[in-house]
Each structure stands twice: as C-alpha cells, then as structure tokens.
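> Numbering (the working numbering), first residue to last: 6 to 115. Glycine included, every Cβ here is placed at the ideal spot set by N, Cα and C.
#1: Considering only DSSP beta bridges, list what residue 42 is partnered with.
#2: Would you call the segment 64-83 in contact with the segment 92-100, where contact means no fewer than 3 C-beta pairs closer than 8 Å?
#3: Is residue 71 helix, strand or coil by DSSP?
#4: Since residue 106 is in the beta strand (DSSP E), which residue starts that stretch and which ends it?
#5: With DSSP as the reference, label residue 85 as helix, strand or coil.
#6: Quick check on residue 97: does DSSP put it in helix, strand or coil?
#7: Compute the Euclidean distance between the alpha carbons of residue 44 and residue 109, then round it to the nearest angstrom.
#8: Let's test the definition: count the other Cβ atoms within 10 Å of the Cβ of residue 100 and tell me whether it reaches 16, buried, or not, exposed.
#9: Tell me which residues share the same chain as residue 96 and place their Cβ nearer than 6 Å to its Cβ, disregarding the 5 neighbours each side in the sequence.
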C-alpha cells in the first residue's frame, strides 16, 4: 500500500475533521480558491507578455496610468478591477475577453 493519499482521500478526511462546516461554506471556499488560481494565472500570463516585449513594470505602469507597485500586484494575481486589467492588456497590445457559461451555451464579451 502506498504511503501517499489521493487528493480525494485528503479532502474526505478534512471534511470529516470539520463536520461543523456546512456544505455551502465548503463550496464558497472552493470557489475562492478557483478565483485566486485564475487570477494568478492571468497575472502570470501578463507578466510573460510584458517580458517578451522587453518592457519593464514601470513602462507598463506609465502607459496604463497606475503605479509600478500595482503592476507588480497584478502580475502576482492580486486582481481587483476588470477595467484596470483591460488597460494593462491593451498597453501590451493584447486584450482580455470575458466568457459567461451557464448550462450549455456561453456568451463572450471583449
């Protein structure tokens, strides 16, 4: 038998050890983790594009009208405002699109 546990087993044990946490709270925690992961991935991609173009954080900040510290935060996944993200992407010659999925069909917006 392996000394390692599957991810499903780890999650099951956590739930068993915290029975007082309602299902809605677990779902909320999962959604928060997904959102944080998505933000990190977006920030990482923006950083890759910036570096590929040979731009500094300061140059992007000046183009967008935000501080260099804010550019750094965005690149680390601290994303709070879609409009700032759009301006950042535009400064790199890119664009951000939003897709809303519900059931079968999805709707996108630039």
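Considering the structure as presented:
#1: Paired residue(s): none; residue 42 is not in a bridge.
#2: yes
#3: coil
#4: 103-106
#5: coil
#6: coil
#7: 25 Å
#8: exposed
#9: 65, 68 and 69
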